[in-house]
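Colleague: Here our numbering runs 342 ahead of the position in the sequence shown, where the first position is 1.
Would you mind keeping the following structure in view while I ask a few things?
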Amino acid sequence: MSLGLIPQDVIEQIKERTDILDVVSGYVTLSKAGQNFKGLCPFHSEKTPSFMVSPSRQIFHCFGCGAGGNVFTFVMKMEGTAFPETVRELGRRAGIEVPVVQGARQAQDSGNRERLEKLNDVVAAWFRRNLFDAEAGNGAMAYLRERGMSRETLDAFGFGFAPQAWDGLLRHLSKEGYTTADMLLAGVVVPKEQSGRKPQDTAGYYDRFRSRVMFPIFDLRKRVIGFGGRILGEGEPKYLNSPETPLFNKGRALYGLERAREAMSRTDTLIVVEGYFDAIALHQAGIRNVAATLGTALTPDHVRTIRRFVTKVVLLFDPDPAGVRAALRTLDLFVDSGIGVKVVSLPAGDDPDTFMRKEGAESFLRLQESAPSLLDFAVERSLRSAESGTIEDRIRSVDEILRILQKTAHRIEKEECTRRVAERLGINQKRLIERYPELLPKEERRGVGKATPTGLDSRFKGSPEERDLIYLLLQGQLSPADIRALNVEAFSVPACHRIVEIALRHVDEDGQVRIREILDEAVADAECGSVATELSMSERHYDDIPEHVHGCLSTLERKRRELALGELIVRLRVAEQEGRTEEVRRLNAQVNEIRLRKADSLSLQSQHSPHNQRL
343 MSLGLIPQDV
353 IEQIKERTDI
363 LDVVSGYVTL
373 SKAGQNFKGL
383 CPFHSEKTPS
393 FMVSPSRQIF
403 HCFGCGAGGN
413 VFTFVMKMEG
423 TAFPETVREL
433 GRRAGIEVPV
443 VQGARQAQDS
453 GNRERLEKLN
463 DVVAAWFRRN
473 LFDAEAGNGA
483 MAYLRERGMS
493 RETLDAFGFG
503 FAPQAWDGLL
513 RHLSKEGYTT
523 ADMLLAGVVV
533 PKEQSGRKPQ
543 DTAGYYDRFR
553 SRVMFPIFDL
563 RKRVIGFGGR
573 ILGEGEPKYL
583 NSPETPLFNK
593 GRALYGLERA
603 REAMSRTDTL
613 IVVEGYFDAI
623 ALHQAGIRNV
633 AATLGTALTP
643 DHVRTIRRFV
653 TKVVLLFDPD
663 PAGVRAALRT
673 LDLFVDSGIG
683 VKVVSLPAGD
693 DPDTFMRKEG
703 AESFLRLQES
713 APSLLDFAVE
723 RSLRSAESGT
733 IEDRIRSVDE
743 ILRILQKTAH
753 RIEKEECTRR
763 VAERLGINQK
773 RLIERYPELL
783 PKEERRGVGK
793 ATPTGLDSRF
803 KGSPEERDLI
813 YLLLQGQLSP
823 ADIRALNVEA
833 FSVPACHRIV
843 EIALRHVDED
853 GQVRIREILD
863 EAVADAECGS
873 VATELSMSER
883 HYDDIPEHVH
893 GCLSTLERKR
903 RELALGELIV
913 RLRVAEQEGR
923 TEEVRRLNAQ
933 VNEIRLRKAD
943 SLSLQSQHSP
953 HNQRL
C-alpha cells in the first residue's frame with residue numbers, strides 16, 4: 343500500500359498509539375473469543391459472527407467475506423476515506439499532528455472538503471442566529487414552542503431558521519469570502535434559469551432554504567454535512583433536504599445517529615423513525631437510541647451503517663398505509679442481516695411525535711416490548727388480506743406469505759410461521775411446504791439444499807503446502823533457515839508469493855526474523871493483506887512442525903520441478919519440429935538434469951523412510 347506523502351515515522355507513531363480494539367469497538371459490538379474479539383461483520387450481512395479482531399497483532403479479519411487489514415484499513419473501509427485523510431483522523435484521536443505534503447489533485451480534493459465543512463459551520467451558525475433573533479425568528483420560535491420543543495432540545499439539535507429573503511444566506515456567505523461556486527457545491531444556493539450569467543455573478547442565484555425551520559444534519563463525527571428544512575406555514579415541499587454533495591448522501595445518512603451512539607451501545611437497539619420531529623420527540627422524552635431517515639426509504643447503506651452498532655432495530659413508522667408499506671419494504675433489506683427487527687404500530691391518527699407528546703415514554707416502551715417481529719408483521723398483514731378477500735385474493739395472499747417466508751434462512755422461524763399460516767387459513771401445512779419451490783426463481787431453485795463452503799479452506803485457493811508454510815511463517819514458527827529455503831517461484835498464489843518476498847527482506851544477517859515487521863507490511867499490502875490477516879488469525883495444529891515444514895518444502899519443490907519439466911518438454915518438442923538442433927541439445931540436457939535430480943531425491947526419501955529402516 344502506498345503511504346502517500348505522509349512521513350513514515352508519523353504513521354508509525356500513530357499506529358503505536360492507536361489500539362485497533364478501541365477503534366473497531368466504536369463501530370462494532372465485540373465479545374471476547376479466546377485471545378481475540380469477535381462480532382458481526384460490518385462489511386457484509388451475517389447472523390453468526392465471523393469478524394475477528396486481534397489486539398496482540400493489531401489486525402482484523404472477517405472469515406465470512408475475507409475483509410482484513412490493520413486499523414488504517416478498517417477506518418478507510420468504514421468511512422470511505424482515503425489513506426491520508428484516515429491517518430489525519432487517527433492522528434487527531436492520538437494527539438499527533440500529521441504534516442502532509444500533498445500533490446495538486448489531492449490537495450484540491452482535501453481542500454474542497456475542508457472548505458465545505460467550514461462553509462456548513464458558517465451556514466448553521468447563521469441559521470441559528472436567525473432563530474434566536476427576536477424579530478427574524480419570532481414566527482419560527484412560536485412554531486417550535488407549539489411543537490413542544492424545549493430550549494435544551496433546540497440547543498442539542500442545533501435548530502435554526504432560514505428567513506424568507508431570496509438571497510440572505512447568499513449575501514452573508516459572500517461577505518465571509520465564499521464564492522457562488524462554493525455555495526453551489528455545498529447545495530445552499532440554486533441557480534436561476536437565466537442565460538448569460540457568469541458563475542461568480544451572485545444575481546444569478548438564490549437561497550435554497552427560505553422561510554423554513556432548519557435542522558443541521560451531522561455525520562458520526564458530529565460535523566455538519568447537510569441541512570433539512572421544514573416549511574413555516576403552507577407550501578410545498580413540506581420538507582426539503584440538501585442535495586447530494588461531496589459531504590452529504592441521504593441514502594447513507596441517518597438523522598440523529600451521532601447523538602444515539604451512547605444509548606445504542608447501552609441497549610443494543612436502534613429505533614428508526616421517518617422524520618426529524620419524530621426522532622427529536624423521542625429524544626426529548628428520554629429515549630435517546632433513535633434516528634430518522636431523510637425523506638427516503640431505508641437503503642442497504644443504512645443497514646450496513648446500523649449493523650456497526652446494534653443487533654436489534656425497532657421500526658416506528660406512521661400507522662397510515664404509506665407507513666405500513668415502508669415497513670414491509672424493509673423486509674428484503676433486513677432478512678438474514680443478523681439484525682432482529684420489530685415493528686411498533688401506533689394507534690390510528692397518531693404519529694411518533696404526537697404519540698410521545700400525548701402518552702409519554704413509558705407507553706411507548708410498553709408498545710416496543712410487545713411489538714411483533716418484522717416477519718410476523720408482514721405475515722399478519724398478508725393473512726388479513728387472505729381472510730377477508732375472494733378465493734383469488736386468498737391464493738395471491740398465500741403466495742405472498744410463502745415468498746415472505748422464503749426470505750428467511752432461519753428454519754425454526756420459518757416452520758413456526760408456516761404452521762400458524764396453515765391454521766389461520768385452514769390449509770394443510772404440508773401442501774404449503776410443497777408449494778415453496780414453485781415460488782422460487784429458477785436460479786435459486788437449482789441452489790436449494792446446496793451448502794456454501796465457508797471458512798479458511800474455502801477462501802484460500804492455493805495448495806495445502808502453501809497455506810501451511812505461510813501460516814507458520816506469520817505465526818513466527820519458521821526458523822531463519824526455513825524462511826531462506828522458501829522459493830518464491832514455488833508459490834502459485836500471488837498473495838503467498840508476495841508474503842514470501844516481504845519475509846525474505848526481513849530476515850537479518852544475524853539470523854533474527856522480524857515477524858512484526860513482516861506482518862505489518864503484509865497486512866498493509868493491497869495484494870496480500872486479506873490472506874495475511876486470514877492466516878495469521880487462524881488456528882492450526884501440527885504434531886511435528888520441523889517435519890511438517892520439511893515435507894511442505896519438499897512437496898512444493900517437487901511440484902515446481904514437475905511444472906518446469908513439463909514446460910521444457912513442450913519447448914523441446916517445438917524445437918525438434920522446427921529443426922533447431924542446438925536448442926534441442928540444450929533443452930535435452932536441462933530435461934535430463936531435472937529427471938536425475940528427481941531420481942536422486944526419490945532414492946534419498948526411500949533410504950530414510952520408516953519402512954526401509956525396519957527392513
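For glycine and all other residues, C-beta sits at the position ideal for the given N, C-alpha and C.
These figures come from a predicted structure and were not determined experimentally.
Measuring only the C-alpha atoms, how far is F569 from V652?
Modeller: 26 Å
Colleague: If you follow the beta strand (DSSP E) that M556 is in, where does it begin and where does it stop?
Modeller: Unbroken beta strand (DSSP E) run through M556: R554 to F560.
Colleague: Which class does D549 belong to by DSSP, given the choice of helix, strand or coil?
Modeller: strand
Colleague: To which residues does DSSP link A476 through a beta bridge?
Modeller: Answer is none; A476 lacks a bridge partner.
Colleague: From G519 to T609, what distance separates their C-alpha atoms?
Modeller: 45 Å
Colleague: On the criterion of 16 or more Cβ atoms from any shown chain inside 10 Å, does S896 qualify as buried, or is it exposed?
Modeller: exposed
Colleague: Taking the alpha-carbon positions, what's the P391 to F402 distance?
Modeller: 13 Å
Colleague: Considering only residues of the segment 625-709, which uninterrupted beta strand (DSSP E) runs meet the minimum length of 3 residues and lie entirely inside it, listed in chain order?
Modeller: 632-634, 654-657 and 682-685
Colleague: Mind pulling the alpha helix (DSSP H) runs of 4 or more residues that sit fully within the segment 393-449?
Modeller: 413-421 and 425-436
Colleague: Determine the DSSP secondary structure at I353, reduced to helix, strand or coil.
Modeller: helix
Colleague: For T609, report the span of its alpha helix (DSSP H) as first-last.
Modeller: L599 to T609 is the span of the alpha helix (DSSP H), which, as asked, contains T609.
Colleague: In this structure, what does DSSP give as the bridge partners for P533?
Modeller: Y547
Colleague: Where do the N-terminal and C-terminal ends of the alpha helix (DSSP H) with S887 fall, by residue?
Modeller: According to the sequence as given, residue 887 is Ile; it is not Ser. Here the alpha helix (DSSP H) through I887 covers I887 to Q919.
Colleague: Measuring CB to CB, does V656 end up less than 7 Å from V677?
Modeller: Not a contact, by the Cβ cut-off of 7 Å.
Colleague: Check whether the Cβ atoms of F619 and D695 lie closer than 7 Å to each other.
Modeller: yes
Colleague: Between V555 and F503, which are expected to be in contact by the criterion C-beta below 8 Å, what is the C-beta distance as a whole number of angstroms?
Modeller: 6 Å
Colleague: According to DSSP, which residues form a beta bridge with I362?
Modeller: DSSP, once it has assigned bridges, lists no residue as partnering I362.
Colleague: Beta-carbon within less than 6 Å of D428's beta-carbon, same chain only, minus the 5 sequence neighbours each way: which residues are those?
Modeller: Note that residue 428 is Thr in the sequence shown here, rather than Asp. Closer than 6 Å at Cβ, skipping near neighbours: F414, V417 and M418.
Colleague: Taking DSSP as the reference, what is the three-state secondary structure of Y884?
Modeller: Looking at Y884 - three-state DSSP - the assignment turns out to be coil, as it is neither helix nor strand.
Colleague: Counting along the chain, where does the beta strand (DSSP E) carrying R572 start and finish?
Modeller: Taken as a continuous stretch (DSSP letters only), the beta strand (DSSP E) holding R572 covers V566 to I573.
Colleague: With 16 other CB atoms within 10 Å as the buried threshold, where does W468 fall?
Modeller: buried
Colleague: Which of helix, strand or coil does DSSP assign to F469?
Modeller: Note: F469 maps to helix in three-state DSSP.
Colleague: Assign V865 to one of three DSSP states: helix, strand, or coil.
Modeller: helix
Colleague: Quick one: residues in its chain with C-beta nearer than 8 Å to the C-beta of R762, no 5 flanking neighbours on either side, listed in chain order?
Modeller: V721
Colleague: Measure from the alpha carbon of C404 to the alpha carbon of each residue in V366, E439 and I613, then state which is nearest.
Modeller: V366
Colleague: What first and last residue would you give for the beta strand (DSSP E) that runs through A375?
Modeller: S373 to A375
Colleague: Suppose you measure from the CA of A633 to the CA of Q350; what does that come to, to the nearest Å?
Modeller: Answer to the nearest angstrom: the Cα atoms are 40 Å apart.
Colleague: Let's test the definition: count the other Cβ atoms within 10 Å of the Cβ of G410 and tell me whether it reaches 16, buried, or not, exposed.
Modeller: buried
Colleague: Taking A504 as part of the beta strand (DSSP E), name the residues at either end of that continuous run.
Modeller: G502 to A504
Colleague: So, A837 versus V891, is the Cβ gap smaller than 7 Å?
Modeller: no
Colleague: With DSSP as the reference, identify every bridge partner of F385, one or two as the case may be.
Modeller: DSSP output for F385 lists no bridge partner at all.
Colleague: For G406, does the count of other Cβ atoms within 10 angstroms reach 16, so buried, or fall short, so exposed?
Modeller: buried
Colleague: Would the beta-carbon of G593 fall within 7 Å of that of T647?
Modeller: For the pair G593 and T647, the CB atoms are not nearer than the 7 Å cut-off.
Colleague: To the nearest angstrom, how far is it from the Cα of L907 to the Cα of E918?
Modeller: 16 Å
Colleague: Who are the Cβ neighbours of A595 in its own chain at under 8 Å, not counting the five residues just before and after it?
Modeller: I559, D561, I567, G568 and L636
Colleague: Relative to the alpha-carbon of G871, which residue among H848, Y884 and V842 has its alpha-carbon at the smallest distance?
Modeller: V842
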